[in-house]
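Here is the structure we will look at, set down as structure tokens.
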Amino acid sequence: MERKSFSRWLTWGALLLALGLGAGLRFYRLDVQSLWSDEGNTARLVERSLRLIIEGAAGDIHPPGYYLLLAGWRALTGDSELALRSFSALCGVLTVAAAAALGRRAGGRAVAVGAAFFVAAHPLAVYYGQEARMYALLALAGALTLLAALAFFPDRPKPVGAKSALTLAACIILGLYTQYIYALFLLGVELAFGLAWLMERPWNWRKAGWWIAAHLLSALAFLPWLRPALKVASWSPPDLNSGPAWREMIHTLLAGVTLPADAGRLALVSAGLLLALLAVRRPPLRFATLAAFFTALLPLTLIAALGIYRPAYLKFLTLSVAPLGVLLALPLRGPQGDEGGPRGLMRPSQRVALVLWLAFAPVWGASLRNLYTNPAYARADYRGIAARIVAEGGAEATVLLSAPNQWEVFTYYFHGPHVLPAPYHPTEEAATAWVEGVLAPAPPRLFVLYWGDVESDPHHRIERLLAQRAYKARDTWIGDVRLAEYGLGPLDEVPRTRLDARVGEWALLEGVSLPVTVCAPGDIVPVTLFWRALAAPPERVKVFIHLMAADGTLAAQNDAEPGQGFLPTVDWTVGEALVDRYGVWLPPTLPPGTYTLQAGMYRFSGERLPVASDGDVVVLGALTVQP
Numbered sequence: 152m153e154r155k156s157f158s159r160w161l162t163w164g165a166l167l168l169a170l171g172l173g174a175g176l177r178f179y180r181l182d183v184q185s186l187w188s189d190e191g192n193t194a195r196l197v198e199r200s201l202r203l204i205i206e207g208a209a210g211d212i213h214p215p216g217y218y219l220l221l222a223g224w225r226a227l228t229g230d231s232e233l234a235l236r237s238f239s240a241l242c243g244v245l246t247v248a249a250a251a252a253l254g255r256r257a258g259g260r261a262v263a264v265g266a267a268f269f270v271a272a273h274p275l276a277v278y279y280g281q282e283a284r285m286y287a288l289l290a291l292a293g294a295l296t297l298l299a300a301l302a303f304f305p306d307r308p309k310p311v312g313a314k315s316a317l318t319l320a321a322c323i324i325l326g327l328y329t330q331y332i333y334a335l336f337l338l339g340v341e342l343a344f345g346l347a348w349l350m351e352r353p354w355n356w357r358k359a360g361w362w363i364a365a366h367l368l369s370a371l372a373f374l375p376w377l378r379p380a381l382k383v384a385s386w387s388p389p390d391l392n393s394g395p396a397w398r399e400m401i402h403t404l405l406a407g408v409t410l411p412a413d414a415g416r417l418a419l420v421s422a423g424l425l426l427a428l429l430a431v432r433r434p435p436l437r438f439a440t441l442a443a444f445f446t447a448l449l450p451l452t453l454i455a456a457l458g459i460y461r462p463a464y465l466k467f468l469t470l471s472v473a474p475l476g477v478l479l480a481l482p483l484r485g486p487q488g489d490e491g492g493p494r495g496l497m498r499p500s501q502r503v504a505l506v507l508w509l510a511f512a513p514v515w516g517a518s519l520r521n522l523y524t525n526p527a528y529a530r531a532d533y534r535g536i537a538a539r540i541v542a543e544g545g546a547e548a549t550v551l552l553s554a555p556n557q558w559e560v561f562t563y564y565f566h567g568p569h570v571l572p573a574p575y576h577p578t579e580e581a582a583t584a585w586v587e588g589v590l591a592p593a594p595p596r597l598f599v600l601y602w603g604d605v606e607s608d609p610h611h612r613i614e615r616l617l618a619q620r621a622y623k624a625r626d627t628w629i630g631d632v633r634l635a636e637y638g639l640g641p642l643d644e645v646p647r648t649r650l651d652a653r654v655g656e657w658a659l660l661e662g663v664s665l666p667v668t669v670c671a672p673g674d675i676v677p678v679t680l681f682w683r684a685l686a687a688p689p690e691r692v693k694v695f696i697h698l699m700a701a702d703g704t705l706a707a708q709n710d711a712e713p714g715q716g717f718l719p720t721v722d723w724t725v726g727e728a729l730v731d732r733y734g735v736w737l738p739p740t741l742p743p744g745t746y747t748l749q750a751g752m753y754r755f756s757g758e759r760l761p762v763a764s765d766g767d768v769v770v771l772g773a774l775t776v777q778p
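Letter by letter, the sequence shown follows residues 152 to 778 of our numbering.
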């Protein structure tokens with residue numbers, strides 16, 4: 152008796168440790184990274200009234216449940232990054248507790264502890280527990296659904312009634328209004344219920360009736376949202392790709408999204424051996440075991456089988472983390488559930504299972520380390536982008552957004568009056584009119600955030616027009632956002648200075664226009680080159696424009712393919728004349744003095760093309776930098 156009491160206290164201590172670990176991993180560095188685009192959509196949507204939140208969600212691809220709950224949370228905690236994300240972190244901690252309860256019902260205290268630690272430290276669960284999106288809530292809704300369903304299969308015989316049905320209905324409603332993918336998870340619950348019910352003798356028709364009643368009530372509650380849901384169901388993203396579906400989903404489910412595939416093999420081997428050990432031990436086919444199996448594996452199976460996989464859907468696998476934790480913890484179960492072997496000692500198979508569980512630690516540790524500290528896995532830094540624009544262009548800088556849905560996250564950080572989202576899928580006429588409208592006030596420079604432009608402007612019409620009508624000086628990747636900076640100036644169509652310099656065997660630099668020859672640090676100097684193809688170019692090359700100090704050191708530069716990549720040399724035709732515009736950004740620390748602008752071409756290998764006159768550069772002119 153004393154040993155049992157000690158075992159219970161030990162279990163409670165371990166569960167509290169798991170909850171503390173889950174909370175620590177989710178709240179650690181919670182606001183270090185910037186909100187990214189989807190989180191920005193969340194932040195802006197929950198600012199609205201309840202009616203406008205529902206209307207906004209109806210035009211989105213997500214139901215409104217998460218947004219409505221977060222709006223209430225925001226009213227209590229504020230709208231900082233920490234406040235908005237802490238709701239997901241809390242949902243993640245509650246999912247740890249729910250996983251422990253599921254494990255307890257499935258196989259006793261050892262399984263409860265194992266499932267709790269699995270969810271607490273799982274990199275995928277932690278990742279989305281730190282994001283102001285609905286996926287941590289989705290995981291909690293799934294775990295709560297399983298707990299509510301377990302009430303239909305009590306450990307001790309007792310009648311199932313309205314309370315169990317209402318609780319299950321509430322959990323299903325929460326799941327359906329959180330994310331549509333929950334339907335695949337629910338299908339796994341239905342399969343588990345059907346098999347468990349059929350295995351009962353005699354069949355419990357009262358239980359089946361209350362089960363059906365719970366689902367009818369859920370369907371009735373979801374009926375007002377059926378039309379938006381059906382609209383989303385008919386949407387087909389352009390990047391569906393089932394080829395790597397199994398490989399990428401299994402890796403994500405075992406190692407998260409912050410680790411290369413080849414670094415997660417130990418977790419794959421460990422999980423495979425745990426499942427093999429589970430099959431050898433043959434646990435009782437109770438509802439808890441069946442539900443863990445189907446809800447852990449059915450969602451990813453259906454996503455792959457139906458051909459609806461895309462990398463963006465990996466986040467849906469948060470639904471499967473808790474049931475997978477229960478499933479993989481079942482080999483830790485003693486022969487009588489809470490008891491181990493003789494005198495409470497672990498059996499050999501339990502020891503093997505424990506060793507296999509510990510094999511997850513190095514994989515998950517590396518994945519979590521990448522999440523917290525590796526810039527390669529950081530979310531897009533809109534906070535840093537906004538700060539850079541303010542520092543270089545001022546609080547009233549003109550900022551263009553290539554994708555309209557960047558507006559929410561960018562204006563969360565940048566409060567200037569000139570933030571202009573580009574039109575979605577513009578025609579040539581619409582793109583021209585929009586760019587002309589942007590350039591009409593003649594702002595001193597433009598900052599452009601290119602993100603999702605392959606989808607929003609697949610023909611790159613706006614970027615092509617900017618390459619023709621402005622002077623791109625810089626183009627920097629910040630995460631998955633490309634920040635470009637353009638200067639403005641006269642758009643000469645004929646050179647102001649004739650050069651007639653032959654570059655290589657096939658290019659003639661006929662002339663240059665330097666409308667500005669006196670400038671200051673921080674300026675963007677407009678440069679227009681005028682090329683003519685003397686022969687068919689055999690390869691792609693880059694153009695360089697270098698600003699050289701009097702002592703021969705490089706002070707500033709701009710290297711790019713002609714036309715900012717839209718006039719590659721392999722597309723030139725013999726005799727064709729081309730107008731090629733560049734901006735040269737002068738560093739703020741550039742000392743005053745007289746500098747020389749040079750230009751030339753080089754192969755992708757770095758080898759420069761010779762200039763017929765002499766050397767491998769063409770002198771364009773002098774530039775005076777004043778304080």
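Think of the CB as a built atom: it goes at the ideal place given N, C-alpha and C, for glycine as much as any other residue.
From residue i to residue j, what distance separates their C-alpha atoms?
i, j, result
"Arg-520", "Leu-507", "21 Å"
"Leu-419", "Glu-690", "45 Å"
"Asp-834", "Val-560", "For residue 834 there is no data in the structure shown, the boundaries of the chain being 152 and 778."
"Gly-766", "Gly-280", "59 Å"
"Ala-807", "Gly-703", "There is no way to answer for residue 807, as the model of the chain reaches only from 152 to 778."
"Ser-200", "Phe-373", "21 Å"
"Val-270", "Val-247", "6 Å"
"Val-769", "Val-762", "7 Å"
"Ser-764", "Leu-551", "42 Å"
"Val-589", "Trp-362", "59 Å"
"Arg-502", "Leu-172", "23 Å"
"Leu-457", "Asn-392", "11 Å"
"Thr-648", "Arg-615", "26 Å"
"Leu-405", "Leu-600", "34 Å"
"Pro-308", "Ala-334", "30 Å"
"Pro-305", "Met-400", "33 Å"
"Gly-779", "Gly-603", "Because the chain in this structure spans residues 152 to 778, residue 779 falls outside the shown range and cannot be described."
"Gly-164", "Arg-260", "12 Å"
"Ala-443", "Ala-252", "12 Å"
"Ser-553", "Leu-451", "33 Å"
Hey, would you say residue i sits closer than 9 Å to residue j, going by beta carbons?
i, j, result
"Pro-646", "Thr-679", "yes"
"Leu-186", "Ala-287", "no"
"Val-586", "Glu-644", "no"
"Leu-771", "Ile-696", "yes"
"Ala-439", "Leu-233", "no"
"Val-692", "Phe-755", "yes"
"Lys-623", "Ala-711", "yes"
"Leu-291", "Ala-249", "yes"
"Thr-627", "Ala-621", "no"
"Pro-482", "Leu-417", "no"
"Met-497", "Leu-509", "no"
"Gln-708", "Val-735", "yes"
"Thr-469", "Leu-737", "no"
With a CB to CB cut of under 6 Å and the five nearest residues on each side skipped, what residues in its chain are close to residue i?
i, result
"His-402", "Ala-412, Gly-415"
"Ala-365", "Ala-316, Leu-319, Ala-320"
"Gly-254", "Val-262, Ala-263, Ala-266, Val-477, Ala-480"
"Ala-728", "Arg-683"
"Arg-732", "Tyr-622, Thr-679"
With distance defined between alpha-carbon atoms, name the residue in the options nearest to residue i.
i, options, result
"Met-752", "Leu-451, Val-277, Leu-659, Leu-245", "Leu-659"
"Leu-449", "Gly-339, Pro-761, Thr-469", "Gly-339"
"Val-669", "Ala-531, Ala-302, Leu-509, Val-776", "Val-776"
"Leu-617", "Gly-458, Ala-380, Thr-583", "Thr-583"
"Pro-555", "Pro-572, Thr-648, Leu-275", "Pro-572"
"Ala-687", "Gly-734, Glu-656, Gly-223, Pro-395", "Glu-656"
"Tyr-575", "Gly-603, Phe-511, Asp-608", "Asp-608"
"Gln-749", "Gln-715, Leu-718, Val-694", "Val-694"
"Arg-759", "Val-654, Ala-396, Ala-593, Leu-371", "Val-654"
Skipping 5 residues on each side, what residues in its chain have a beta carbon closer than 8 Å to that of residue i?
i, result
"Tyr-278", "Gly-407, Val-408, Thr-409, Leu-522"
"Tyr-563", "Leu-186, Gly-191, Ala-194, Arg-195, Tyr-533"
"Ala-517", "Leu-410, Ala-414"
"Pro-513", "Leu-417"
Sorted by chain position, which residues of the same chain lie with C-beta nearer than 7 Å to residue i's C-beta, five sequence neighbours on each side aside?
i, result
"Leu-441", "Ala-343, Leu-346, Ala-347"
"Phe-511", "Ala-418, Ser-421"
Completely contained alpha helix (DSSP H) runs for the region 557–610, where each covers 4 or more residues: Segments of the alpha helix (DSSP H) lying fully in the region 557–610: 558–564, 579–590, 604–607.
Length at least 4, wholly inside the region 195–250: the alpha helix (DSSP H) runs in chain order: 201–209, 216–228
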